[in-house]
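Presented below is the structure to which this report refers.
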Amino acid sequence: MDDNQSIIVDEKPLNDGTNWSIWYHFFTAPPFGRIGLCLLIVVFLLGEALNDVANYWLSICLKQSGPDQSMSTKSVYIYFGLLIALVITELVRTSYYFTVVLNGSNNFHNKMLKGLLYTSAQFFESNPSGRILNRAIPVTWLIIYFFLRCSRQLKRLESVTRSPVYALFSSSLNGLPTIRALKTENSFIQLIADRINVHTSVFLVLQAVLQWFLVIMSVVCAFIILAASIQLVNVHDYEKSPAAALSLTYAMYVAILFNGTVIRLSEANMMMISGERIDEYSNLPREEDEGSYKGLVQTSPKWPAHGN
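At position 243 of the sequence shown (counting the first as 1) the number is 243 in my numbering, and the numbers step up by one without a gap.
Here's what the structure looks like:
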């Protein structure tokens with residue numbers, strides 16, 4: 001190695017695009033595996049199906065009852081049973097979802113810890129402690145596509161600029177006696193302030209992109225509700241009014257759900273950058289072990305049967 005070359009390597013952002021293998025390993029972590037992922041999908045689809053069936057059954061009952069008639073007792077019991085099944089399914093799928101997510105997160109961190117414990121000492125010499133700590137702490141479609149690409153790169157850049165702050169803070173705490181003895185407190189304060197400014201500038205750009213995306217999604221949802229409302233105004237038949245009301249309700253529900261779902265998926269896609277960074281440490285090269293059982297004398301399981 002050249003004498004002028006630093007032993008500490010620069011941290012580089014990971015490749016662009018979504019690493020779907022990280023998502024797959026996250027949701028199929030043992031002990032659930034692929035069966036657990038399939039069961040999670042089935043439970044989510046079952047909950048949505050029960051919700052749609054309950055709403056559709058209510059619209060049918062209102063259509064058959066007429067303006068001056070009440071719903072039959074049988075229809076009420078069926079609707080009540082659908083609601084109970086829906087509530088139970090919601091509780092089950094929410095509990096199971098959080099169980100799968102927490103299990104995947106725990107599995108990722110265990111793999112990262114195992115990779116750090118078995119790697120060589122050269123890795124810790126070439127990577128500051130703050131960089132390691134940073135990973136251990138956790139037309140519409142066109143807009144979504146560009147937003148995801150931009151936000152993921154900004155999130156990667158934000159994660160990279162956060163590592164020097166942790167590294168300098170950790171080293172400053174360890175070297176406080178030396179810093180005070182040399183009276184260089186102001187220079188270290190200015191140094192950490194500069195690194196915080198770099199990280200904050202990237203973080204503010206990321207928040208600006210998120211707010212821009214929220215505005216675009218709100219406009220799209222407003223157009224969806226407007227289109228459904230115009231169709232509802234043109235309905236003059238009483239028999240079609242329950243279906244029209246159901247369509248308006250679903251339009252509002254889909255608009256709100258679409259807005260929230262896209263935003264949550266985008267945030268999850270950005271936060272999975274942490275999973276990619278953890279997975280990078282999980283696959284560190286292991287240090288060669290010259291010890292272990294090499295050179296040990298193999299003895300009989302019954303030794304010392306004869307006293308020698």
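Even glycine gets a Cβ: it sits at the ideal position worked out from N, Cα and C.
Since this is a predicted model, take the numbers as computed values, not measurements.
Cβ-based neighbour list, residue i, same chain, cut-off 7 Å, excluding 5 preceding and 5 following
i, result
"Ala-228", "Ser-247, Leu-248, Ala-251"
"Trp-303", "none"
"Met-1", "Because Met-1 carries a pLDDT of 49, less than 50, the predicted location of this residue cannot be relied on, and the following value inherits that uncertainty. So no residue of the chain qualifies."
"Arg-34", "Thr-28"
"Met-71", "Cys-61, Ser-65"
CB of residue i within 8 Å of CB of residue j, strictly
i, j, result
"Glu-185", "Ile-179", "yes"
"Leu-157", "Arg-195", "no"
"Val-313", "Tyr-96", "Lying outside 1 to 308, the shown extent of the chain, residue 313 is not represented and no answer is given."
"Ser-282", "Lys-111", "yes"
"His-199", "Val-165", "yes"
"Leu-218", "Asn-259", "Going by the sequence as given, residue 218 is Ser instead of Leu. Closer than 8 Å, so yes."
"Leu-50", "Leu-82", "yes"
"Leu-206", "Leu-257", "no"
"Leu-204", "Ile-263", "no"
"Ser-312", "Phe-188", "Not covered by the structure: residue 312. The range shown for the chain is 1 to 308."
Residue from the options whose Cα sits closest to the Cα of residue i
i, options, result
"Val-202", "Val-215, Val-160, Asn-107, Ala-181", "Val-160"
"Cys-61", "Gly-47, Ala-49, Val-76, Glu-48", "Val-76"
"Trp-23", "Asp-279, Asn-174, Pro-164, Thr-119", "Asp-279"
"Gly-46", "Ser-21, Ser-218, Leu-91, Ser-59", "The sequence given here has Leu at residue 46, not Gly. Looking at the Cα atoms, Leu-91 is the closest of the given residues."
"Gly-36", "Ala-255, Arg-93, Asn-19, Ile-256", "Arg-93"
"Val-254", "Met-272, Leu-226, Val-233", "Leu-226"
"Phe-124", "Pro-301, Ser-300, Pro-285, Thr-299", "Pro-285"
"Asn-197", "Arg-162, Leu-176, Pro-177, Gly-175", "Arg-162"
"Thr-99", "Ser-126, Thr-73, Phe-26, Ser-59", "Phe-26"
Assumed close pair residue i, residue j - CB separation to whole angstroms, cut-off 8 Å
i, j, result
"Ser-120", "Glu-287", "4 Å"
Nonlocal neighbours in the same chain, by C-beta distance under 6 Å from residue i, ignoring five residues either side
i, result
"Asn-107", "Ala-29"
"Asn-19", "Glu-276"
Neighbourhood of residue i by C-beta, 8 Å cutoff - its chain only, sequence neighbours within 5 removed
i, result
"Trp-57", "Ser-75, Ile-78, Tyr-79, Leu-82"
"Leu-182", "none"
"Ala-305", "none"
Do the region 18 to 36 and the region 102 to 111 meet, that is, are 3 or more Cβ pairs less than 8 Å apart? yes
Does the contact criterion of 3 or more C-beta pairs under 8 Å hold for the region 80 to 91 versus the region 108 to 122? no
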